[in-house]
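Going down the list, the protein sequences come from chains A and B. Quick note on numbering that gives the first Met the number 0: the first sequence kicks off at 0 and runs consecutively. Quick note on numbering that gives the first Met the number 0: the second sequence kicks off at 0 and runs consecutively. For each residue, glycine too, the CB sits at the ideal point set by N, CA and C. Quantities reported herein were computed from a predicted structural model and do not represent experimental measurements. Single-structure report; data block below.
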Amino acid sequence: MTADDLFAIMPLLILSGGSVLLLLAGVVRPGGYLYGIAGAFAAAALLWNVAVPGDAVMPGLTITSFSRYFSAFLYGTGLVALLLASDYSRRRGITGEEFPATLLFALTGMGAACAANNLLMLFIALESFTFAFYILVAIERDSETGGEAGLKYLLNGTLSAALMSMGIALLYCSRGTLQLAELASLPATEPLYLTGSCLILLGLAFKLSLVPAHLWTPDVYQGAPAPVTALLSTASKAATLAALLLFIPLVNGWRGIHDIFWMLALLSLVSGNLAALLQNSIKRMLAWSSIAQMGYVALALAAAPSGGKASAVFYAIMYAAAGLASFGAVSLLSDRNDRDILEQYRGLGYKSPLAGAALAVSLFSLAGIPPTAGFMAKFAVFRSALRNGETALTTVAILTALVAVFFYLRVVVTLYMKPPGEQPGPDAPLTAAGVAALTIPTLVTLFLGVYPQPLLDLLTHIMA
Amino acid sequence: MSIPILTILVFLPLAGSLLLIPVWRCRTLMQPIALGVALSELALALWLYVSWKGLSAAALQPGFLLVEDTSWIPTFGIRYTLGLDGVSLLMIMLTAIVFCVGLTVSWNSIKEKTGLFLAMMLIMESGIMGVFLALDLALFYLFWEMMLIPMFFLIGIWGHGRRLYSTIKFFLFTMFGSLLMLLAIIALHLLHAQQTGTPSFELQELLKTDLPLETQLWLYAAFFLAFAIKFPLFPLHTWLPDAHTDAPTAGSVILAGLLLKTGSYALVRFGYTLFPLAAQMMTPLLYTLALIGIFYASLVAFAQQDMKRLIAYSSIGHMGYVAIGIAAWQPVALSGAILQMANHGITTAALFCLVGMLDERAHTREIAAFGGVWGKMPIWSFFFLLFAVTAMGVPGLNSFVGEFLILAGTMKSSPLVAALAFCGVVLPLIYMVRLVQEVVFQKERQPLSLEDLNPREISVLVVLALLNVWVGIHPAPLLEMLHGPVQLLTGGLP
Chain A
0 MTADDLFAIM PLLILSGGSV LLLLAGVVRP GGYLYGIAGA FAAAALLWNV AVPGDAVMPG
60 LTITSFSRYF SAFLYGTGLV ALLLASDYSR RRGITGEEFP ATLLFALTGM GAACAANNLL
120 MLFIALESFT FAFYILVAIE RDSETGGEAG LKYLLNGTLS AALMSMGIAL LYCSRGTLQL
180 AELASLPATE PLYLTGSCLI LLGLAFKLSL VPAHLWTPDV YQGAPAPVTA LLSTASKAAT
240 LAALLLFIPL VNGWRGIHDI FWMLALLSLV SGNLAALLQN SIKRMLAWSS IAQMGYVALA
300 LAAAPSGGKA SAVFYAIMYA AAGLASFGAV SLLSDRNDRD ILEQYRGLGY KSPLAGAALA
360 VSLFSLAGIP PTAGFMAKFA VFRSALRNGE TALTTVAILT ALVAVFFYLR VVVTLYMKPP
420 GEQPGPDAPL TAAGVAALTI PTLVTLFLGV YPQPLLDLLT HIMA
Chain B
0 MSIPILTILV FLPLAGSLLL IPVWRCRTLM QPIALGVALS ELALALWLYV SWKGLSAAAL
60 QPGFLLVEDT SWIPTFGIRY TLGLDGVSLL MIMLTAIVFC VGLTVSWNSI KEKTGLFLAM
120 MLIMESGIMG VFLALDLALF YLFWEMMLIP MFFLIGIWGH GRRLYSTIKF FLFTMFGSLL
180 MLLAIIALHL LHAQQTGTPS FELQELLKTD LPLETQLWLY AAFFLAFAIK FPLFPLHTWL
240 PDAHTDAPTA GSVILAGLLL KTGSYALVRF GYTLFPLAAQ MMTPLLYTLA LIGIFYASLV
300 AFAQQDMKRL IAYSSIGHMG YVAIGIAAWQ PVALSGAILQ MANHGITTAA LFCLVGMLDE
360 RAHTREIAAF GGVWGKMPIW SFFFLLFAVT AMGVPGLNSF VGEFLILAGT MKSSPLVAAL
420 AFCGVVLPLI YMVRLVQEVV FQKERQPLSL EDLNPREISV LVVLALLNVW VGIHPAPLLE
480 MLHGPVQLLT GGLP
């Protein structure tokens, strides 16, 4: 390993080293300051990725501009989640170093998933951040729902890991190598190879919570602490998308991959949006909506030959901003107890204007209404899909988007148009961390809605 | 021209809404600021009107007085293109006037969350200005959707009655149409890119696309659905009575005065020009729906108990004439239709203002509650009578001019439709006479203490009345302004 290589993987070293350091520091002196240190590490990794251009190839990892920028985006998401978590933990009295340390560890895994160059590394990276989430989901030890959610996530996650490792084994059986580049160089035709690929896809679909591998999502999102849900629904999915983008070339030229994404998109769009319509709990509504939102990503992936990959990444970035803002607002509006039933949000838009506005803007973005990023992202996805000739599926997508408008609006109506009634407002005013955690994704949402060109240029550059 | 006047026109209200933030708590300061912004918009629009002949002499693009065009999102091929011609200039003047009216008329009636209300009004003004000026379809779509959000809040927060139901219904109806239109816009863009190799959403570029009839029909159907919902044409109108009735006065004024016009304007600007063959084929459908709308809405209006609802239904009927004028697609009828859009904007805005003023005093809009208002509120009654008579289409007032041109033009291309529409002209007479008779003239039914209008209200109505009479007596300058663009629009057709 040369010095250049070391430089290239420095962000991963910063994050994993930071994680260990936090665990040690927590033993000596636990407290809220650990969140600040964790944030500094995440910020350092982010800046390093953006500022120090260094491509490198080493066993297991290939650092390219794709991996650098994509992981920078993931670290940014993690940073916002850390801000949310610091505020949340203070109010809930979750002290201790586990939370920030585990979160940094999860970020390490995500960073590695973007850079993996062989299947084993990809698997390890994916599982290492999923493993971190097993802990994070159940981190509130005295919460009843947290434990249940953690167990459900663990069982489902183990199953998907088993499927994926089986798939990798089949691929190895068929070709005798695990290097992504070597696997991608031959056309995918052997039945064994295709079976293995399907198993890997199913495992990834689980992490993206695409229908039919979605059933864990509502329970886990509802039970987990809101900042963890924010990260789980955004960064975890985006990192899985990165892994998926690395995996897709392996089955290039196989028509079946299009059909699989087509089916996943259809099922996710329809069932996600329809089920979200029936929810009274805001977290469950957002969970079902996140399933539907991933349907749009799958739609973009079905249109991969027509520039769909860049659209999928754009969509994931939009979703990350909206997901962070919406779950963040839910997290900051909840005090000692979760504010989960929709009716508890009556008139809150006036009592806490910032959180209300952030929630409203992110919901408008998820609904795809300009001038928010959601519109531009849907525009990009539909453009790729229509160009690829997916007229029928795109029409379904747009009609289900109309259904989605209704349940997103319901929340906005509750926030601004219903009288407050007996509901208590939030106890404490927002802290600086909370304000930042809401403002950053909201501004990103608005900026990308008005002027997405810089991001599109960057995507063209790194996806080439 | 180096000063981007059109951009200022679009974004000045948006900037004005930001200007409200520093004085958020102080209602007495915010209202003059918002009105000041609206008045400067009006001044700009009037300045453009005064100088349109000079601009048209210096115009670069044929038919357009001013065009502003810069790159915006090259990856998608979206440009920021605004263009002003006679048609959009008329619509812009209407927009500027109606917003001044809306802000003035709600001066005292909006007591809660005034800052938010004013901000929403200004944001909506930006959106509507954008719709009337955008020449890039993606940009147009952006503004088209952008004006929904403030209207959603206006009805939902400051409305009456079943406001939540109405506002969600309004939003879903309009979204349904627009989403399909979005697909059609993207599809058209892709077809154009396939043929020419350059991705573009610009109207002038897309006009060059060579479309087979079947494709044209599909795309036009999607556009038509979006515009017909806004218009609103007969089976798609059901959102309108609810939204108009439950909106606050300013909301109803803007809905009836402007939002409906965005539908008809877009049909003229985009629907007919982009898909001429399909539009011609669908003409019988448009005629039929418009005629059904005229008769059906007038009959329903006759049965209403709520004054606001009655006027809302009358809007559907009057917009039916606009639809007929567009469907005839013939210079005289089209000029009439476009002029009638402005006329109807003025007239219904005034009627909704009048009903709102009565509602503020009596706290009811039931026709049955009133009677003998002439004795208590002579000035109100005078204006009410004036605008009711206008809605009936009496010569010398603006509606007559528009409807006459529409029917005269339609007579040439389809006499049967014109004959049927002529019969429909009688209907507003019936329900308006009933309304005026019961409210203004009949014996007092309930003792209501009603004060007559104050100077603020009178000034609004005087302005609207003067416009009404001016267009009614001397429409020539406006028609002259419409002449060029209308010729250009209809020129491509036999």
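Residue i: CB within 7 angstroms of a non-hydrogen atom of the ligand SAH
{"i": "A379/A", "result": "The ligand SAH is absent from the structure shown, which contains no ligands of any kind."}
Contact with chain E by residue i, beta-carbon distance below 8 angstroms
{"i": "I156/B", "result": "Protein chains in the displayed structure are A and B, and chain E is not among them."}
Cβ distance (whole Å) where residue i is taken to contact residue j below 8 angstroms
{"i": "S288/A", "j": "I340/A", "result": "That pair is no contact at about 17 angstroms."}
{"i": "I461/A", "j": "F6/A", "result": "About 19 angstroms; that fails the 8 angstroms criterion."}
{"i": "A403/A", "j": "V360/A", "result": "Not confirmed; about 16 angstroms, so no contact."}
{"i": "A286/A", "j": "Q221/A", "result": "7 angstroms"}
{"i": "S496/B", "j": "P231/B", "result": "The displayed coordinates of chain B run from 0 to 493. Any statement about residue 496/B would go beyond what the structure contains."}
{"i": "A296/B", "j": "G316/B", "result": "4 angstroms"}
{"i": "L347/A", "j": "L429/A", "result": "That belief does not hold up - the Cβ atoms of L347/A and L429/A are roughly 13 angstroms apart, past 8 angstroms."}
Residue i: contacting residues in chain B (beta-carbon distance under 9 angstroms)
{"i": "Y295/A", "result": "Those do not exist, as Y295/A stays about 13 angstroms from chain B at its closest Cβ, beyond 9 angstroms."}
{"i": "F246/A", "result": "Chain B residues near F246/A: none, gap ~26 angstroms exceeds 9 angstroms."}
{"i": "L455/A", "result": "I72, P73, T74 and F75"}
{"i": "R382/A", "result": "F75, I185, H188 and L189"}
{"i": "F205/A", "result": "Result: empty, since nearest Cβ-Cβ is about 30 angstroms, beyond 9 angstroms."}
Residue burial classification, residue i (beta-carbon count within 10 angstroms, cutoff 16)
{"i": "H191/B", "result": "buried"}
{"i": "W51/B", "result": "buried"}
{"i": "W238/B", "result": "buried"}
{"i": "P493/B", "result": "In this predicted model, P493/B has a pLDDT of only 34, less than 50, meaning its place in the structure is not dependable; the value taken from the coordinates is given anyway. That one is exposed."}
{"i": "Q339/B", "result": "buried"}
{"i": "E456/B", "result": "buried"}
{"i": "R26/B", "result": "exposed"}
{"i": "K260/B", "result": "buried"}
{"i": "M0/A", "result": "exposed"}
{"i": "A238/A", "result": "buried"}
{"i": "A14/B", "result": "exposed"}
{"i": "G196/B", "result": "exposed"}
{"i": "W23/B", "result": "exposed"}
{"i": "P445/B", "result": "For the record, residue 445/B in the displayed sequence is Gln; it is not Pro. Label assigned to Q445/B: exposed."}
{"i": "L244/A", "result": "buried"}
Proximal chain A residues relative to residue i, where beta-carbon distance stays under 9 angstroms
{"i": "E213/B", "result": "The contacting residues do not exist; E213/B stays about 13 angstroms from chain A at best."}
{"i": "I228/B", "result": "Near I228/B there are no residues of chain A at all, since even the closest Cβ is about 12 angstroms away, more than 9 angstroms."}
{"i": "L8/B", "result": "The contacting residues do not exist; L8/B stays about 18 angstroms from chain A at best."}
Partner residues on chain B for residue i, Cβ-Cβ distance less than 7 angstroms
{"i": "L408/A", "result": "I167 and F170"}
Beta-carbon neighbours of residue i, restricted to chain A and to distances below 8 angstroms
{"i": "P73/B", "result": "Q452"}
{"i": "E144/B", "result": "I368, P369 and F374"}
{"i": "F175/B", "result": "L401"}
{"i": "I148/B", "result": "F363 and I368"}
{"i": "L163/B", "result": "V412, M416 and K417"}
{"i": "L136/B", "result": "Neighbours of L136/B on chain A: none; closest Cβ ~12 angstroms, over 8 angstroms."}
Interface residues of chain B facing residue i [CB-CB closer than 8 angstroms]
{"i": "L385/A", "result": "L182, I185, A186 and L189"}
{"i": "Y415/A", "result": "F152, G155 and I156"}
{"i": "T469/A", "result": "This structure cannot settle anything about residue 469/A, because the visible part of chain A is limited to 0 through 463."}
{"i": "F378/A", "result": "F75, A137, L181 and I185"}
Q) Enumerated in chain order, which unbroken segments of the alpha helix (DSSP H) with a length of 4 residues or greater are wholly contained in the stretch 294-357 of chain A? A) 307-332 and 347-350
**Q.** Entirely enclosed alpha helix (DSSP H) segments - the stretch 365-444 of chain A, minimum 4 residues
**A.** 372-386 and 390-416
**Q.** Continuous alpha helix (DSSP H) assignments of at least 4 residues falling wholly in the stretch 344-421 of chain B
**A.** 372-375, 377-391 and 397-412
Q | In chain order, each alpha helix (DSSP H) run of at least 4 residues that lies wholly inside the stretch 158-194 of chain A | A | 179-184
Q) Which runs of the beta strand (DSSP E) spanning at least 3 residues fall entirely within the stretch 57-83 of chain B, listed in chain order? A) 65-72 and 77-83
Q | Residues within the stretch 70-83 of chain A neighbouring chain B, beta-carbon criterion of under 8 angstroms | A | none
Q) Using Cβ-Cβ distances below 7 angstroms, what residues of the stretch 388-412 of chain A are close to chain B? A) T393, T394, I397, A400, L401, V404, F405, L408 and V412
(Q) As an exercise, report each continuous alpha helix (DSSP H) stretch of at least 4 residues that is fully enclosed by the stretch 222-293 of chain B, in chain order. (A) 238-245, 248-253, 259-265 and 275-280
Q | 4-residue-minimum alpha helix (DSSP H) runs that sit fully inside the stretch 81-136 of chain A, ordered along the chain | A | 97-114 and 118-136
(Q) Any C-beta of chain B within less than 9 angstroms: which residues of the stretch 340-370 of chain A qualify? (A) Y349, F363, A366, G367, I368, P369 and P370
Q) Hey, which unbroken runs of the beta strand (DSSP E) at 3 residues or more fall wholly within the stretch 205-278 of chain A? A) none
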